[in-house]
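Student: I am attaching a structure below and will ask some questions about it afterwards.
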Amino acid sequence: AQRVTQPEKLLSVFKGAPVELKCNYSYSGSPELFWYVQYSRQRLQLLLRHISRESIKGFTADLNKGETSFHLKKPFAQEEDSAMYYCALSGLNFGNEKLTFGTGTRLTIIP
Amino acid sequence: GAGVSQTPSNKVTEKGKYVELRCDPISGHTALYWYRQSLGQGPEFLIYFQGTGAADDSGLPNDRFFAVRPEGSVSTLKIQRTERGDSAVYLCASSLTSDSFSGTDTQYFGPGTRLTVL
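From first to last, the protein sequence lines are chains A and B.
Count along the first sequence from 1, then add 2; that gives the number in this note's numbering.
Count along the second sequence from 1, then add 16; that gives the number in this note's numbering.
Pasting the structure below:
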């Protein structure tokens with residue numbers, strides 16, 4: 003069975019401070035990992051995916067297969083980063099496209 | 017262009033009633049997904065269509081839930097004999113193609129339908 007764990011439901015960080023949102027997963031094959039974000043009164047949208055290995059809005063995430071983690075990081079938090087963040091997993095098995103989401107972390111940036 | 021749209025945005029019904037939730041995917045997207053998000057939880061997969069056919073319906077909780085996509089575009093999620101536990105936000109997403117050899121394609125989500133069963 004595949005599972006995504008986000009241990010922190012709530013996280014508050016001061017503006018300008020570093021941010022790290024934790025995500026751990028369990029999956030028997032080779033997963034693809036994502037971070038989705040939902041800003042206030044907006045729909046869920048993709049923030050980044052591990053395959054792209056890119057930085058979006060200053061956020062990065064590295065897949066650590068040994069620790070089965072995909073933590074989201076940003077060196078300097080900005081007020082506009084306040085949102086709900088979901089880590090998600092998809093198998094790379096043929097035909098399996100569904101996403102398995104964690105329970106989410108609500109990030110609040112304190113001015 | 018227009019994103020994924022869902023109607024209605026809110027639906028209040030009584031226990032035991034039948035409801036239909038509609039999803040209009042992004043034009044040209046062949047894959048369509050339904051998820052359910054209960055309060056305090058992440059989205060939970062229900063069913064996935066590739067074209068007109070259900071490629072994976074393993075997430076449907078029981079036989080009261082059914083979804084169709086007759087022409088490969090619009091999809092309807094149907095819930096019979098609704099129960100209070102069905103109350104949730106139902107999310108629809110679509111993606112351009114379903115080619116696992118190039119990894120999972122980006123899913124674009126709709127705004128959701130908030131279903132409340134009294």
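Idealized CB from N, CA, C, for every residue including glycine.
#1: Along the stretch 70-88 of chain B, where does the CB come closer than 9 Å to a CB of chain A? Name the residues.
#2: Return the CA-CA distance between V20/B and E69/A, expressed in angstroms with no decimal places.
#3: For V6/A, count the other beta carbons within 10 Å of its own beta carbon; 16 or more makes it buried, fewer makes it exposed. Which is it?
#4: Among the candidates D83/A, Q44/A, E81/A, F61/A, whose CA atom is the shortest distance from the CA of H52/A?
#5: What does Y49/B reach in chain A if we use C-beta pairs closer than 8 Å?
#6: So V39/A and K76/A are in contact, right, with Cβ under 8 Å, and what is the actual spacing, rounded?
#7: Residues of chain B with CB under 8 Å from Y88/A, in chain order?
#8: Per DSSP, which residues does L46/A bridge with? Please list them.
#9: Are W50/B and A83/B close, meaning C-beta to C-beta below 7 Å?
#10: Taking F65/B as the query, report the chain A residues whose CB atoms sit under 9 Å from its CB, ordered along the chain.
#11: Excluding the 5 residues preceding and the 5 following I112/A in the sequence, name in chain order all residues of the same chain whose CB lies nearer than 8 Å to its CB.
Tutor: Per the coordinate set shown:
#1: A71, D72, S74, G75
#2: 36 Å
#3: buried
#4: F61/A
#5: E99, K100, L101
#6: Their Cβ separation, rounded to whole angstroms, is 12 Å, which puts V39/A and K76/A out of contact at 8 Å.
#7: G58, P59
#8: The partner list for L46/A (beta bridge, DSSP) is empty, contrary to what the question assumes.
#9: yes
#10: In chain order: nothing, as chain A lies at least about 10 Å away.
#11: S14, V15, F16, K17
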